[in-house]
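Written out below as structure tokens is the structure these notes cover.
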Amino acid sequence: MGWIVSDASSFEWWGGLKTAHEITISAFLVQMTRWESVVKVINKLREKQLNKIENLSKLSVEDLEKEIRSINFYKTKARRLKAFADKVAEEGGLENFLKIEKRPILLSMEGIGEETADSLLLFAGNNVIFPQSEYLRRVMSRVLGKKLTKSGAKQIVEEKLNKDLFEYKLFHAGIVSIGKAFCYTNNPNCDKCFLKPVCRKYNYETL
Ligand code: SF4
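For the sequence shown, full-length UniProt numbering gives the first residue as 1, with consecutive numbering after it.
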């Protein structure tokens, strides 16, 4: 998925998708699946006006499976998406559900870990919360030259950045992009990475 730098509250950051509903649906579909396949399914759902979580809750799991059949592990994902859509309907809609105070409920849903929950809260709910991730841990550890945990790296970001929606989205998108493009687990491509002037691993061979 590519990140599109946009207005602070725009949904387009998330690979150009149009709504909080589409971001949320894509978060379920994308696990172990190519983004291009996810976009195709989202476009198909949009044409049928099934690109809303509440509308998905009206489908049976079997019907949902048919809609997302081209996606890897579609049966598991249909079951998870249906359970999520039912919960959202019960909670009074997606806008009500994607709030920081609902984070424990989000985390209790099958298929939603901390990174997905916080990414949804930030990019679909426009809450100022920073998602932890393996990319964040790896890039920050190498740049700062200290072994960090995911939550430790997240804490540093939250202390250093302004508590601002645009800054949080931009920093998350930047870190994930650097992690994917240059900062591989093994043999990072430091020569091409634009963080090399400030990176302790590159300059001092730490970590
Ligand atoms: S310079 Fe190398 S180690 Fe440092 S962040 Fe970039 S890719 Fe990672």
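Glycine residues also receive a C-beta, built at the ideal position from the N, C-alpha and C atoms. A quick note: this is a predicted structure, and the numbers were derived from the prediction, not measured.
Exposed or buried, what is residue 184 when buried is set at 16 or more other beta-carbons lying within 10 Å of its beta-carbon?
-> exposed
DSSP three-state assignment for residue 13, whether helix, strand or coil | coil
First through last residue of the alpha helix (DSSP H) which encompasses residue 128 = Premise fails: residue 128 is in no alpha helix (DSSP H) and is neither H nor E.
Residue 3 - partner residues in DSSP beta bridges = 14
Closest residue to residue 186 among 100, 167, 139, 106 (Cα-Cα distance) = 139
How many Å lie between residue 196 and residue 190 at the Cα?
-> 6 Å
What is the rounded straight-line gap between the Cα of residue 13 and the Cα of residue 173?
-> 8 Å
Is the Cβ-Cβ distance between residue 85 and residue 67 less than 9 Å?
-> no
Can you tell me which of the three DSSP states residue 197 falls into?
-> helix
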